[in-house]
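If you read the sequences in order, they're chains A and B. Residue numbers for the first sequence follow numbering that gives the first Met the number 0, so the first one is 0 and each next one is one higher. Residue numbers for the second sequence follow numbering that gives the first Met the number 0, so the first one is 0 and each next one is one higher. Glycine residues also receive a C-beta, built at the ideal position from the N, C-alpha and C atoms. Below is one structure, written out as structure tokens; the observations come after it.
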Amino acid sequence: MPQLAAETFASQLIWLAITFVVLYLIMSRVVIPRIGGILEDREARIRGDLDKAEELKADADEAMAEYESRLASARTSANEIIGEMKATMAAETEKRRQEIDAELSKRQAEAETKIAEQRDSALESLDEVATRATAALVERLSGSADQDRVAKAVASVGEGR
Amino acid sequence: MAAGGHSPLEQFEIKQLIPLNAGGIDISFTNSALWMVIAIAAATLLLTLGMRGRAMVPGRLQSVAEISYEFIANMIRDNAGSGGKPYFPFLFTLFFFILFCNLLGMIPYSFTPTSHIIVTFGMAFIVFIGVTIIGFAKNGLGFIRLFVPSGVPIPLLFILVPIEIISYFVRPISLSLRLFANMMAGHTMLKVFGGFVISLGFVAGWAPLAFLVALTGLEIGIAMLQAYVFTILSCLYLHDALHPGH
Chain A
0 MPQLAAETFA SQLIWLAITF VVLYLIMSRV VIPRIGGILE DREARIRGDL
50 DKAEELKADA DEAMAEYESR LASARTSANE IIGEMKATMA AETEKRRQEI
100 DAELSKRQAE AETKIAEQRD SALESLDEVA TRATAALVER LSGSADQDRV
150 AKAVASVGEG R
Chain B
0 MAAGGHSPLE QFEIKQLIPL NAGGIDISFT NSALWMVIAI AAATLLLTLG
50 MRGRAMVPGR LQSVAEISYE FIANMIRDNA GSGGKPYFPF LFTLFFFILF
100 CNLLGMIPYS FTPTSHIIVT FGMAFIVFIG VTIIGFAKNG LGFIRLFVPS
150 GVPIPLLFIL VPIEIISYFV RPISLSLRLF ANMMAGHTML KVFGGFVISL
200 GFVAGWAPLA FLVALTGLEI GIAMLQAYVF TILSCLYLHD ALHPGH
């Protein structure tokens, strides 16, 4: 069996040592740092990208919150304006109503006094007409009429009214 | 033994390519040395060519390099713990050295350095010595605890401690024999069936040829598996050295 030929052992061991050490040096100096470096770089890159994504998400959340708060404040100020408008309009309407009321009651009062005046004057003229008619009647019947008595009689009838 | 010209063991013959002599010791550059050099050149080429681009998104070769890196890194982390990290370059080298020696040996007319017991024993012995030194350096005399299983009744220790000690010192032998025997048996079998194909000729030679094809696939699997087994056992020994208490 060639494996037991002891005279070849020294050469095999020497070349094993040489090649193994050379391979070890290549691996530990060149290959492993290179592969390890690229793996680390990649991991760092992925971690960095994830961090950045996290950051951007935080920014977006912040912007969203600001938008929400602005929307809310806009809503409240709109409500305020609407309330104010409502109040001013109500006040205005009330004022106008009162003015119209006052105008109307003034006109009513004027109309009432006018009506009362006209009635009074109508009543006065009624007395006169009644006296004259009565006097004319009395004169036709009796031939003569005492103006004063006729007036008194008419007045007394009028008082009984 | 290998008297005939076509012995299945002829392929394991060491042939001097460049005779060298240092102080009476024969250190000739042989076919074994040549294939070790080719193996480390191929491993270096694969791993440096693959990483040449250093792309953020790896291509095929770069993926191979990265996956093998992470494969060995995970193997050490899972089997030796985080304390095994400083030995990563050695174990990475060990894996690739054995893997490429085994795989290149599958090329017809090539030579498999790992089919020689002295080569596998050399590597196993380095692992054994290294692990023992690390064990004593990290734990001092506490490393002796490795031979004393905890939670065992005292009388049993008289049996168990010698067994533990023997199994510890058998490690380099079992480690080297496993790789050597697998490589040698596989290549011998391939040669034997190759001989059948020739001797049975065109008529009946097809059956052994089909078997030979299947066997070649199996041998490539074994080439990778044995590199893995050698490395993972080294990891486990390293774990024992770093954490001797069972």
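G83 (chain B) and L235 (chain B) look like a contact to me (Cβ under 8 Å); what is the Cβ gap, rounded to whole Å? Going by Cβ atoms, the distance from G83 (chain B) to L235 (chain B) rounds to 10 Å, so no, they are not a contact pair.
Within 10 angstroms of its Cβ, does P57 (chain B) collect 16 or more other Cβ (buried), or is it exposed? Within a 10 Å sphere around the beta-carbon of P57 (chain B) sit 16 or more other beta-carbons, which makes this residue buried.
Between the alpha carbons of L22 (chain A) and P161 (chain B), how many angstroms are there, rounded? Going from the Cα of L22 (chain A) to the Cα of P161 (chain B) covers about 38 Å.
DSSP three-state label for S141 (chain A), please. In the three-state reduction of the DSSP assignment, S141 (chain A) falls in the helix class, which pools H, G and I.
Quick one: residues in its chain with C-beta nearer than 6 Å to the C-beta of A79 (chain B), no 5 flanking neighbours on either side, listed in chain order? Once the five neighbours on either side are set aside, the close Cβ partners of A79 (chain B) are C234, L237 and H238.
Is R76 (chain B) close to chain A? Criterion is C-beta to C-beta, closer than 8 Å. With 8 Å as the cut-off, R76 (chain B) does not count as an interface residue toward chain A.
Ordered list of alpha helix (DSSP H) runs contained in the segment 79–111 of chain A, each at least 4 residues: Counting whole runs of 4 or more residues, the segment 79–111 of chain A contains no alpha helix (DSSP H) stretch at all.
Considering only C-alpha positions, which residue in the set B:F179, B:A123 and B:L159 is nearest to G104 (chain B)? Per the Cα distances, B:F179.
Cβ neighbours of A1 (chain B) in the same chain (closer than 6 Å, five flanking residues each side left out): Caution is warranted here: a pLDDT of 36 is assigned to A1 (chain B), below 50, making its placement in the model unreliable, and the coordinate value is therefore given only provisionally. For A1 (chain B), same chain residues with a beta-carbon under 6 Å away, outside a window of 5 residues either side, are L8 and E9 in chain order.
Just to confirm my understanding: we take G3 (chain B), look at its own chain, exclude 5 residues before and 5 after, and list those with CB closer than 7 Å. What are they? Note on G3 (chain B): pLDDT 43, under 50, position unreliable in the model; the coordinate value appears next. Within the same chain, no residue comes within 7 Å of G3 (chain B) by CB-CB distance, once the 5 residues on both sides are set aside.
Can a CB atom of chain B be found closer than 8 Å to the CB of Y66 (chain A)? Contact of Y66 (chain A) with chain B is not assigned, every C-beta pair being separated by 8 Å or more.
Is the segment 81–98 of chain B close to the segment 160–174 of chain B, with three or more CB pairs under 8 Å? Counting Cβ pairs under 8 Å, fewer than three are found: no touch.
DSSP-derived helix/strand/coil call for M0 (chain B): Confidence is the limiting factor: at M0 (chain B) the pLDDT is only 32, short of 50, which leaves the residue's position unreliable, though a coordinate-based value still follows. In this structure, M0 (chain B) counts as coil in the three-state DSSP scheme.
T29 (chain B) - partner residues in DSSP beta bridges: DSSP lists B:Q15 as partners of T29 (chain B).
Check I106 (chain B) in the structure and name its three-state DSSP category. Coil, per DSSP.
Beta-carbon separation of L211 (chain B) and V228 (chain B) under 8 Å? One thing to note: L211 (chain B) has its Cβ no nearer than 8 Å to the Cβ of V228 (chain B).
Taking the alpha carbon of M74 (chain B) as the reference point, which residue from B:G22, B:L208 and B:F94 has its own alpha carbon closest? For M74 (chain B), the closest alpha carbon among the candidates B:G22, B:L208 and B:F94 is that of B:F94.
Please confirm whether G3 (chain B) has its beta-carbon closer than 8 Å to some beta-carbon of chain A. Note on G3 (chain B): pLDDT 43, under 50, position unreliable in the model; no value is reported.
Comparing the C-beta of L98 (chain B) with each C-beta of chain A, is any distance below 8 Å? Not an interface residue.
May I ask you to list, following chain order, the residues of the segment 7–19 of chain A that have a beta carbon less than 9 Å from some beta carbon of chain B? Residues T7, F8, A9, S10, Q11, L12, I13, W14, L15, A16, I17, T18 and F19.
Less than 8 Å between the C-beta atoms of L44 (chain B) and V63 (chain B), yes or no? No, the Cβ-Cβ distance between L44 (chain B) and V63 (chain B) is not below 8 Å.
For A62 (chain A): DSSP bridge partner residues: The partner list for A62 (chain A) (beta bridge, DSSP) is empty, contrary to what the question assumes.
Name the residue from B:V130, B:V151 and B:I153 whose alpha carbon lies nearest to the alpha carbon of F142 (chain B). It is B:V130 whose Cα lies nearest to the Cα of F142 (chain B).
Apart from the five residues on each side of it in sequence, which residues of its chain come closer than 8 Å, Cβ to Cβ, to T230 (chain B)? So the qualifying residues of the chain are I71, M74, L90, L93, F94 and I97.
For A32 (chain B), I'd like the list of residues in its chain whose CB is within less than 6 Å of its CB, leaving aside the five on either flank, ordered along the chain. Cβ contact annotation for A32 (chain B) (same chain, cutoff 6 Å, sequence separation greater than five): none.
Name, in chain order, the residues that DSSP records as bridge partners for N20 (chain B). Paired residues: B:D25.
Please determine, among B:I117, B:T187, B:Q225 and B:Y108, the residue with the shortest C-alpha to C-alpha distance to I172 (chain B). The shortest C-alpha separation from I172 (chain B) is found at B:I117.
C-beta atoms of Q2 (chain A) and F124 (chain B) nearer than 8 Å: At a Cβ-Cβ threshold of 8 Å, Q2 (chain A) and F124 (chain B) do not count as neighbours.
So what does DSSP say about T111 (chain B), is it helix, strand or coil? Per DSSP, reduced to three states, the secondary structure at T111 (chain B) is coil, with no helix or strand assignment.
Exposure of I45 (chain A), with buried meaning 16 or more beta-carbon neighbours within 10 Å: Per the 10 Å Cβ criterion, exposed.
Reference S67 (chain B); option with closest CA among B:L232, B:A226 and B:I128: For S67 (chain B), the nearest C-alpha among the options comes from B:A226.
Nearest CA to the CA of I13 (chain B): which residue from B:S114, B:I37 and B:R170? Per the Cα distances, B:S114.
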